[in-house]
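*Asks:* Below is the structure I would like to discuss, written out as structure tokens.
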Amino acid sequence: MKRSFRKILAFLTAAIMLATFVTGCNGNSESGSTEGDTVTVGILHSLTGSMAISEQSVRDAEVLAIDEINAAGGVLGKQIAYIEEDGASTPDTFATKAEKLVGQDKVATVFGCWTSSSRKAVKSIFEDYGALLWYPVQYEGMEQSPNIVYTGAAPNQQIVPAIEYLIEQGYETFFLLGSDYVFPRTANMIISAQVDAAGLEIVGEEYASMDQTDFAAIIAKIEAANPDVIVNTLNGTGNVSFFKQMSEKNYDASSYMTMSFSIAEEEVAAIGSDILQGHLVSWNYYQTTETPENSEFVAAYKEKFGENRVTSDPAEAAYDAVYLWKAAVEKAGSFDVEDVLAAIKTGEISFQAPEGNVVINGENQHLAKPVRIGKVGADGLITEVWATDSPVDPDPYLTTYDWAVAVNIQPLE
Numbered sequence: 370m371k372r373s374f375r376k377i378l379a380f381l382t383a384a385i386m387l388a389t390f391v392t393g394c395n396g397n398s399e400s401g402s403t404e405g406d407t408v409t410v411g412i413l414h415s416l417t418g419s420m421a422i423s424e425q426s427v428r429d430a431e432v433l434a435i436d437e438i439n440a441a442g443g444v445l446g447k448q449i450a451y452i453e454e455d456g457a458s459t460p461d462t463f464a465t466k467a468e469k470l471v472g473q474d475k476v477a478t479v480f481g482c483w484t485s486s487s488r489k490a491v492k493s494i495f496e497d498y499g500a501l502l503w504y505p506v507q508y509e510g511m512e513q514s515p516n517i518v519y520t521g522a523a524p525n526q527q528i529v530p531a532i533e534y535l536i537e538q539g540y541e542t543f544f545l546l547g548s549d550y551v552f553p554r555t556a557n558m559i560i561s562a563q564v565d566a567a568g569l570e571i572v573g574e575e576y577a578s579m580d581q582t583d584f585a586a587i588i589a590k591i592e593a594a595n596p597d598v599i600v601n602t603l604n605g606t607g608n609v610s611f612f613k614q615m616s617e618k619n620y621d622a623s624s625y626m627t628m629s630f631s632i633a634e635e636e637v638a639a640i641g642s643d644i645l646q647g648h649l650v651s652w653n654y655y656q657t658t659e660t661p662e663n664s665e666f667v668a669a670y671k672e673k674f675g676e677n678r679v680t681s682d683p684a685e686a687a688y689d690a691v692y693l694w695k696a697a698v699e700k701a702g703s704f705d706v707e708d709v710l711a712a713i714k715t716g717e718i719s720f721q722a723p724e725g726n727v728v729i730n731g732e733n734q735h736l737a738k739p740v741r742i743g744k745v746g747a748d749g750l751i752t753e754v755w756a757t758d759s760p761v762d763p764d765p766y767l768t769t770y771d772w773a774v775a776v777n778i779q780p781l782e
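The sequence shown begins at 370 in the numbering used here and counts up by one.
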């Protein structure tokens with residue numbers, strides 16, 4: 370009996386040691402995420418809270434891409450499975466869930482985040498674990514992580530051309546309105562420097578908390594300043610509250626034009642096209658973008674999620690991210706993060722996306738993208754009123770702009 374007990378104890382000890390070894394392995398080793406005939410990835414977005422209004426469509430686009438890739442045979446002979454976590458619109462939750470995905474679940478890669486606060490909350494986790502995040506939303510720039518691929522716009526692919534467009538259209542006084550976190554505050558540093566360099570004027574700058582619903586005081590300040598245009602970097606449900614309260618005062622695009630950086634088709638549907646008609650936005654893609662790939666993307670998205678659903682720039686950038694990851698994996702011939710990053714660094718990873726051909730810059734891991742200024746229509750869709758002739762190379766630190774270099778713009782942490 371004693372000998373049997375010792376044998377059992379020795380077996381259990383060996384099993385525990387083996388389990389400890391496996392758990393301690395790099396969170397992105399192929400053994401952890403590519404068992405059998407599947408490869409497992411993570412999806413990390415806000416399905417609840419103030420950002421759910423925007424992030425649901427991003428999550429859906431990623432699932433659509435995964436389903437399409439699986440139907441076409443998968444990646445390196447494996448079907449893609451996914452583990453989904455809810456960031457719940459709070460940076461701390463994003464950090465907790467990111468560590469679970471890469472440390473415990475050992476996914477091959479993660480597609481996730483929206484706000485810069487959520488991205489910054491998980492950035493060190495991906496760097497510490499040697500993991501890889503695909504971030505699908507336009508942002509303020511001033512960042513380059515070796516463990517993040519940025520598939521949304523850098524500031525020179527959204528913010529800067531939007532202000533250039535407004536200046537060309539004759540707008541001279543600007544009111545800056547944003548949510549109180551990293552992206553709006555850093556974006557407004559960029560805009561202030563750009564407007565100042567043009568000899569024009571910022572007549573007001575206000576910030577709202579992410580869950581703020583009462584905009585009466587801010588609207589009063591806008592009325593007092595009487596700007597030519599409001600540059601809007603509100604996010605999530607703040608956009609709904611602000612524009613509805615402006616509408617209650619009978620203000621529309623003819624009263625106070627707005628240029629928005631976080632209002633896409635999904636937000637138009639939530640706020641109401643009757644309220645947003647005529648207002649301007651800046652993105653790289655719209656549901657109305659005329660490419661053969663976009664016709665297929667819109668049709669597939671509506672078939673899967675409902676005819677009443679709309680696509681958007683962040684959703685399209687998220688869709689692109691999954692296909693770009695597939696292309697990088699196939700070039701690497703491996704799911705291992707180091708191998709995938711080595712493939713990305715060649716500068717040869719591209720995808721014929723709904724917005725047009727996109728290419729990952731091998732040095733800064735941002736995409737070359739076209740820029741499109743749009744106007745909201747009565748039908749709730751956004752139509753292009755100006756666009757670049759070709760994709761714009763990413764310049765996340767705005768090193769090619771003398772006015773930006775001169776003021777040494779630094780992002781908030």
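The C-beta atom is built at its ideal place from N, Cα and C for all residues, glycine as well. Note that this is a predicted model, so its numbers are computed, not measured.
(1) Just to confirm my understanding: we take S681, look at its own chain, exclude 5 residues before and 5 after, and list those with CB closer than 6 Å. What are they?
(2) Out of A722, K714, G725 and K744, which has the shortest C-alpha to C-alpha gap to E732?
(3) Buried or exposed: where does S624 fall if 16 or more other Cβ atoms within 10 Å of its Cβ makes it buried?
(4) Are N604 and S664 closer than 7 Å when you measure CB to CB?
(5) Less than 7 Å separating the beta-carbons of N516 and E496?
(6) Which of the three DSSP states is assigned to N608 in this structure?
(7) Given that a residue counts as buried once 16 or more other Cβ atoms are within 10 Å of its Cβ, and exposed if not, what is T768?
(8) Could you tell me which whole alpha helix (DSSP H) segments of length 4 or greater appear in the stretch 494 to 551?
(9) Take T582 and list the residues in its own chain whose beta-carbon comes closer than 7 Å to its own, dropping the five residues that flank it on each side.
(10) Give the secondary structure of K447 by DSSP, where H, G and I count as helix, E and B as strand, and everything else as coil.
(11) Taking V408 as the reference, which of T417, Q614, V709 and I449 has the closest Cα?
(12) For N557, is the classification buried or exposed, using 16 other Cβ atoms within 10 angstroms of its Cβ as the cut-off for buried?
(13) For G794 and S642, which I take to be in contact (beta-carbon distance under 8 Å), what is that distance rounded to the nearest angstrom?
(14) Can you find the residues in the same chain that come closer than 7 Å, C-beta to C-beta, to G443, ignoring five residues on each side of it along the sequence?
(15) Which stretch, first to last residue, makes up the beta strand (DSSP E) that contains E574?
(16) Between which residues of its own chain and E541 is the CB-CB distance below 8 Å, once the five residues before and five after are set aside?
(17) Which ranges does the beta strand (DSSP E) cover as unbroken runs of at least 3 residues, wholly within the stretch 732 to 760, from first to last along the chain?
(18) Specify the secondary structure class of E717 as computed by DSSP and reduced to three states.
(19) To the nearest angstrom, how far is the alpha carbon of E707 from that of A500?
(20) Bridge partners of A440, per DSSP?
(21) Suppose you measure from the CA of D565 to the CA of I536; what does that come to, to the nearest Å?
(22) Buried or exposed: which applies to K492, given that a residue is buried once 16 or more other Cβ atoms fall within 10 Å of its Cβ?
(23) With DSSP collapsed to three states, give me the class of D461.
(24) Please classify Q734 as buried or exposed, where buried requires at least 16 neighbouring CB atoms within 10 angstroms.
(25) For L413, which residues does DSSP report across the bridge?
(26) Just mark P763 as buried or exposed, buried being the case when its beta carbon has 16 or more other beta carbons within 10 Å.
*Replies:* Walking through what the data contain:
(1) In the sequence shown, the residue the question calls residue 681 occupies position 312. So the qualifying residues of the chain are S426, A633, E634 and E635.
(2) Within the sequence shown, numbered from 1, the residue matching residue 732 stands at position 363. Taking only the C-alpha atoms, the option nearest E732 is K714.
(3) Within the sequence shown, residue 624 is the residue found at index 255, counting from 1. So S624 ends up on the exposed side.
(4) Position 235 of the sequence shown, counted from the start, is the residue given in the question as residue 604. Position 295 of the sequence shown, counted from the start, is the residue given in the question as residue 664. Contact: no.
(5) Walking along the sequence shown from the start, residue 516 turns up at place 147. Walking along the sequence shown from the start, residue 496 turns up at place 127. Taking 7 Å as the Cβ cut-off, N516 and E496 qualify as a contacting pair.
(6) Locating residue 608 in the sequence shown gives position 239, where the first residue counts as 1. Looking at N608 - three-state DSSP - the assignment turns out to be helix.
(7) Translated into the one-based positions of the sequence shown, residue 768 becomes position 399. With fewer than 16 other Cβ atoms within 10 Å, it is exposed.
(8) Here the runs fully enclosed are 528 to 537.
(9) Taking the sequence shown and counting its residues from 1, one reaches residue 582 at position 213. Correct list, in chain order: S610.
(10) On the sequence shown, residue 447 is found 78 positions in, with the first residue counted as 1. Note: K447 maps to strand in three-state DSSP.
(11) Residue numbering aside, residue 408 sits at position 39 when the sequence shown is read from its first letter. Out of T417, Q614, V709 and I449, the CA that lies nearest to the CA of V408 is found in I449.
(12) For the purposes of this step, residue 557 is identified with residue 188 of the sequence shown, where counting begins at 1. For N557, the number of other beta carbons within 10 angstroms of its own is at least 16, and it is reported as buried.
(13) Residue 794 lies beyond the residue range present for the chain, which begins at 370 and ends at 782; the question has no answer from this structure.
(14) Start at 1 with the first residue of the sequence shown, and residue 443 comes out as number 74. Within the same chain, G443 has close Cβ partners I449.
(15) Along the sequence shown, one-based indexing puts residue 574 at 205. E574: member of the beta strand (DSSP E) spanning E570 to A577, first to last residue.
(16) Working through the sequence shown from its first residue, we reach residue 541 at position 172. In the same chain as E541, and ignoring 5 residues on each side of it, the C-beta atoms closer than 8 Å to its own belong to L569, E570 and D597, in chain order.
(17) You should have 741 to 745 and 751 to 756.
(18) For the purposes of this step, residue 717 is identified with residue 348 of the sequence shown, where counting begins at 1. E717: coil per DSSP, three-state reduction.
(19) Here residue 707 refers to the residue found at position 338 of the sequence shown. Here residue 500 refers to the residue found at position 131 of the sequence shown. Using only the alpha carbons, I get a separation of about 9 Å.
(20) Along the sequence shown, one-based indexing puts residue 440 at 71. In the DSSP assignment, A440 forms no beta bridge with any residue.
(21) For the purposes of this step, residue 565 is taken as the residue at position 196 of the sequence shown. For the purposes of this step, residue 536 is taken as the residue at position 167 of the sequence shown. A direct Cα-Cα distance of roughly 12 Å separates D565 from I536.
(22) Residue 492 sits at position 123 when you count from the first residue of the sequence shown. Burial call: buried.
(23) Reading the sequence shown from its first residue, position 92 is the one you call residue 461. Three-state DSSP puts D461 in a helix.
(24) Taking the first residue of the sequence shown as position 1, residue 734 is located at position 365. Buried.
(25) Counting from one through the sequence shown, the residue named residue 413 turns up at place 44. The partner list for L413 (beta bridge, DSSP) reads E454 and G481.
(26) Here residue 763 corresponds to residue number 394 of the sequence shown, with the count starting at 1. Buried: at least 16 other Cβ atoms inside 10 Å.
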